[in-house]
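Below: the structure, in structure tokens.
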Amino acid sequence: MIREQLQVSGSKAEIILACLERSQGSGLQELIRWVKENTSEGLWLILTNDCCKLPSWKVLKTGLLYSIKNYLENKMISRTLVLELLLYLIGDRNIKNLQGFFFEGNSKQIGLIGISLKGETVLYDTFKRFREAHQLEEASYDEDCWVPVYSDFLKAPADKDVLTKILRARAALLELSA
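Read in the working numbering, the sequence shown has 173 at position 173, and its numbers run on one by one without any break.
Right under this line is the structure:
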């Protein structure tokens with residue numbers, strides 16, 4: 001698990017990134033349902049169908065800064081912070097593209113982004129309950145596995161630096177057009 005902290009528009013956001021090994025019985029929709037039922041305003045657990053859908057911290061940080069800022073200023077382009085962040089990560093307003101990329105397919109390892117504006121204790125406690133409720137084990141995070149995934153999605157060279165620049169530029173363009 002990776003723990004970070006961001007200062008956004010005068011608020012402190014606690015962030016966790018994790019790869020979780022799922023048991024046979026836990027489908028992504030079941031996990032998302034639990035998250036919706038067990039989180040509240042100011043606390044989000046964002047799931048992806050594959051841990052390799054979590055890009056580098058530079059890309060994540062850009063998307064997090066834009067989406068949290070828009071949430072705090074009530075200027076979001078989507079209905080929820082979850083969708084807002086995922087849109088910024090791929091730099092695209094199209095919800096169908098977002099759903100196809102982040103939620104379709106089946107991998108043994110799911111990606112998780114946790115965000116809390118309520119402090120780290122609430123975030124870590126919710127993360128722990130989530131893991132225990134679904135018997136999810138933490139898996140190691142391969143910091144480069146996102147490169148071929150995003151390269152294929154964007155039809156761009158499988159170069160970490162190039163993809164980082166493309167994704168950050170797409171997020172900035174999305175922010176400017178909002």
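Using N, Cα and C, we set each Cβ at its ideal position, and we do this for glycine too.
task = Run the CB neighbour count on residue 70, radius 10 Å, all protein chains shown included, and call it buried at 16 or more, exposed below.
result = buried
What do you reckon, are the CB atoms on residue 93 and residue 87 nearer than 8 Å? yes
Classify residue 29 as helix, strand or coil using the three-state DSSP reduction. Residue 29 carries a helical assignment under DSSP once its states are collapsed to helix, strand and coil.
| request: Report the rounded CA-to-CA distance for residue 95 versus residue 84, giving the unit in angstroms. | output: 10 Å
To the nearest angstrom, how far is the alpha carbon of residue 174 from that of residue 42?
23 Å
Review point. With DSSP run on the structure shown, which of helix, strand or coil describes residue 154?
Key: helix
* Could you tell me which residues DSSP puts in a beta bridge with residue 133? => According to DSSP, which records beta bridges pairwise, residue 133 is partnered with nothing at all.
* Name, in chain order, the residues that DSSP records as bridge partners for residue 16. => 3 and 114
**Item:** Reduced DSSP secondary structure (H/G/I, E/B, other) of residue 84
**Value:** helix
Local conformation of residue 48 per DSSP, three classes: Strand.
According to DSSP, is residue 54 part of a helix, a strand, or is it coil?
coil
Can you check whether the CB of residue 156 is closer than 8 Å to the CB of residue 148? It is not a contact, given that the beta carbons lie outside the stated cut-off.
ask   = Between 168, 112, 37 and 162, which lies nearest to residue 127 when the distance is taken from Cα to Cα?
value = Per the Cα distances, 112.
- Does the distance from the C-beta atom of residue 164 to that of residue 58 stay below 8 Å? yes
* Mark residue 119 as exposed unless 16 or more other C-beta atoms lie within 10 angstroms of its C-beta, in which case mark it buried. => Exposed.
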